[in-house]
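Sequences listed follow chains D and S, in order.
Counted the way our numbering counts, the first sequence spans residues 380 to 545.
Counted the way our numbering counts, the second sequence spans residues 380 to 545.
We put the CB at the ideal spot given by N, CA and C, even for glycine.
Report on the following structure.
Protein chains: 2
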Amino acid sequence: MSKLSARSEDYLKAILRLQDQKKVVRVKDLAQLLGVRSPTVVGVVSGLKEGGLVDQEHYGYISLTPEGKVVAETLLQNEELLRTFFEEVLNLDSGEATQNACNVEHFITPRCRERLVSFIRFLEICGRGAPKWLDHFRHFSLTGEPPPCDRCGEIFPGDRRGCEKA
Amino acid sequence: MSKLSARSEDYLKAILRLQDQKKVVRVKDLAQLLGVRSPTVVGVVSGLKEGGLVDQEHYGYISLTPEGKVVAETLLQNEELLRTFFEEVLNLDSGEATQNACNVEHFITPRCRERLVSFIRFLEICGRGAPKWLDHFRHFSLTGEPPPCDRCGEIFPGDRRGCEKA
DNA sequence: TAACAAAAGTAGGCGAGGCTAACAATGTCA
DNA sequence: TGACATTGTTAGCCTCGCCTACTTTTGTTA
């Protein structure tokens, strides 16, 4: 499969989600999940069938081929990565984090993905035992107030200008 | 103007860039910048003219209307914000940061944008005088090694498990 | 100023991804 | 088992953003 459109990627992800959740995927379910009409699903799915990513018998259920499953799982992992960033770091609520992740997922470069993975791991590792850094950002993003300088030495750099402890 | 497609947004941004840089915008310049042929530009631009975002006389130069300029400037600011994140935080090179920013810009929600602005401001403010946090992430993303614990107390939380100073 | 080059525009086609309307297959149940 | 509801498919149309081939306008210059 040469290069999937963003929309085809959405269809693949949706098929994987439904497959995990309902065991069997119908045109109707897919249409509902993606907010389109059945003939649209039939059209896009027929393209995915040609690409060898999806199987379906006439008037039958839809399923991912092994190749399609690999692709879909990768896409879903990438989306999940972004969702984590939007929710855990930027503190968006779950719905909005998912929406952004789902839309953005198609458009970031592999290296960008890698860096984001690193970034999230970094936050996790370096927050072990003292995961205050994100709390401070949360506070800042709500109030616009930087954390008080007397915490600098304890928790993270903060604004050290004029701070004698630094 | 109801709702612009991602592609139309690209055209608006390109017009603004060229306008700032060359004073006068031609179909040909736009085609070159966007990597398409002239008739494509003519088609999209005619839509933007109908939407009241762009002016152009027959066989004449292209320019943004006041409304179009406002829209384009907003789009460009958003792109710039993302570019900053990708370049300064995720440490992507300028070209790749720009590419990601340009592609992603169309798809993030306003609240997500706000949070990203906050996030970048937070990093700036809280790094004043001791902007080591991002350096540490940079090191981590290259080597996979968390920063040594003996820096914890000085610079940022780090991994405090087993660190007697914490 | 006439001729030519360069740029813009028009005509018409294509594929993706939507839609509605109509039709075909399948499933269910009295 | 026959009738009806549900679901999937086909046909045909639309818009968007792209293209090539061709025409028209504009600008330059001999």
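request  = Determine, using beta carbons only, whether I487 of chain S comes closer than 7 angstroms to chain D.
outcome  = If you number the second sequence from 1, residue 487 of chain S lands on position 108. Closer than 7 angstroms to some Cβ of chain D, the Cβ of I487 of chain S qualifies, so yes.
Original post:
Is there a Cβ from chain D that is less than 7 angstroms from the Cβ of S443 of chain S?
Top reply: Here residue 443 of chain S is taken as the residue at index 64 of the second sequence, counted from 1. First, the residue type needs correcting, since residue 443 of chain S is Leu and not Ser in the sequence shown. It does not: the Cβ of L443 of chain S has no partner Cβ on chain D nearer than 7 angstroms.
key: Among S:S473, S:D399, S:L495 and S:E458, the one whose alpha carbon lies nearest that of A385 of chain S   = Here residue 385 of chain S refers to the residue found at position 6 of the second sequence. If we check each option's Cα against that of A385 of chain S, S:E458 comes out closest.
Please list the partners that V483 of chain S has in chain D, where partner means a Cβ-to-Cβ separation under 7 angstroms. In the second sequence, residue 483 of chain S corresponds to position 104, counting from 1. Those within 7 angstroms of V483 of chain S in chain D are V483, F486 and I487.
Note to self: How far does the alpha helix (DSSP H) with V404 of chain D in it extend, from its first residue to its last?
What the structure shows: Counting from one through the first sequence, the residue named residue 404 of chain D turns up at place 25. Segment: none, V404 of chain D is in no alpha helix (DSSP H) and carries neither H nor E.
query: Which residues bound the alpha helix (DSSP H) around L461 of chain S?
result: By 1-based counting over the second sequence, the position of residue 461 of chain S is 82. First-last of the alpha helix (DSSP H) with L461 of chain S: P445 to T463.
| message | Quick check: what's the CA-CA separation for E475 of chain S versus K402 of chain D? | response | Locating residue 475 of chain S in the second sequence gives position 96, where the first residue counts as 1. Locating residue 402 of chain D in the first sequence gives position 23, where the first residue counts as 1. So the two alpha carbons sit approximately 40 angstroms from each other.
DSSP three-state assignment for V433 of chain S, whether helix, strand or coil: The residue labelled residue 433 of chain S in the question sits at position 54 within the second sequence. If DSSP states are grouped into helix, strand and coil, V433 of chain S belongs with the strands.
Three-state secondary structure assigned by DSSP to I487 of chain S:
As a position in the second sequence, residue 487 of chain S is number 108, starting the count at 1. Three-state result, I487 of chain S: coil.
**Item:** Buried/exposed call for Y438 of chain D, threshold 16 Cβ in 10 Å
**Value:** Walking along the first sequence from the start, residue 438 of chain D turns up at place 59. The residue in question, Y438 of chain D, is exposed, as its Cβ has fewer than 16 Cβ neighbours within 10 Å.
Practice problem: Name, going along the chain, the residues of the region 441–473 of chain S whose beta-carbon falls closer than 8 angstroms to a beta-carbon of chain D. | Solution: F465, V468, L469, N470 and L471
Reduced DSSP category for S442 of chain D - H, G, I as helix; E, B as strand; rest coil
For the purposes of this step, residue 442 of chain D is identified with residue 63 of the first sequence, where counting begins at 1. Note: S442 of chain D maps to strand in three-state DSSP.
**Prompt:** Should D434 of chain D and T444 of chain D be called a contact, given that it needs their Cβ atoms to be closer than 7 angstroms?
**Reply:** For the purposes of this step, residue 434 of chain D is identified with residue 55 of the first sequence, where counting begins at 1. For the purposes of this step, residue 444 of chain D is identified with residue 65 of the first sequence, where counting begins at 1. Result yes, Cβ atoms of D434 of chain D and T444 of chain D sit closer than 7 angstroms.
Contacts of R405 of chain D in chain S (Cβ-Cβ under 8 angstroms): Stepping through the first sequence from its first residue, residue 405 of chain D is reached at position 26. In chain order: nothing, as chain S lies at least about 29 angstroms away.
Worksheet item: Where F486 of chain D and V483 of chain S are concerned, what is the direct C-alpha to C-alpha distance, given to the nearest angstrom?
Response: The count along the first sequence starts at 1 and reaches residue 486 of chain D at position 107. The count along the second sequence starts at 1 and reaches residue 483 of chain S at position 104. The alpha-carbon atoms of F486 of chain D and V483 of chain S are separated by roughly 6 angstroms.
Review point. Between E452 of chain D and the rest of its own chain, which residues show a CB-CB distance below 7 angstroms, the 5 nearest in sequence each way excluded?
Key: What you label residue 452 of chain D is simply residue 73 of the first sequence in a count that begins at 1. Excluding sequence neighbours, E452 of chain D sits near L395.
Practice prompt. Report the three-state DSSP secondary structure of L427 of chain S (helix, strand or coil).
Written response: Working through the second sequence from its first residue, we reach residue 427 of chain S at position 48. The answer is helix: DSSP assigns L427 of chain S an H, G or I state.
What does the Cβ neighbour count give for K392 of chain S, buried or exposed, with the cut at 16 atoms within 10 Å?
If you number the second sequence from 1, residue 392 of chain S lands on position 13. K392 of chain S is buried by the Cβ-count criterion.
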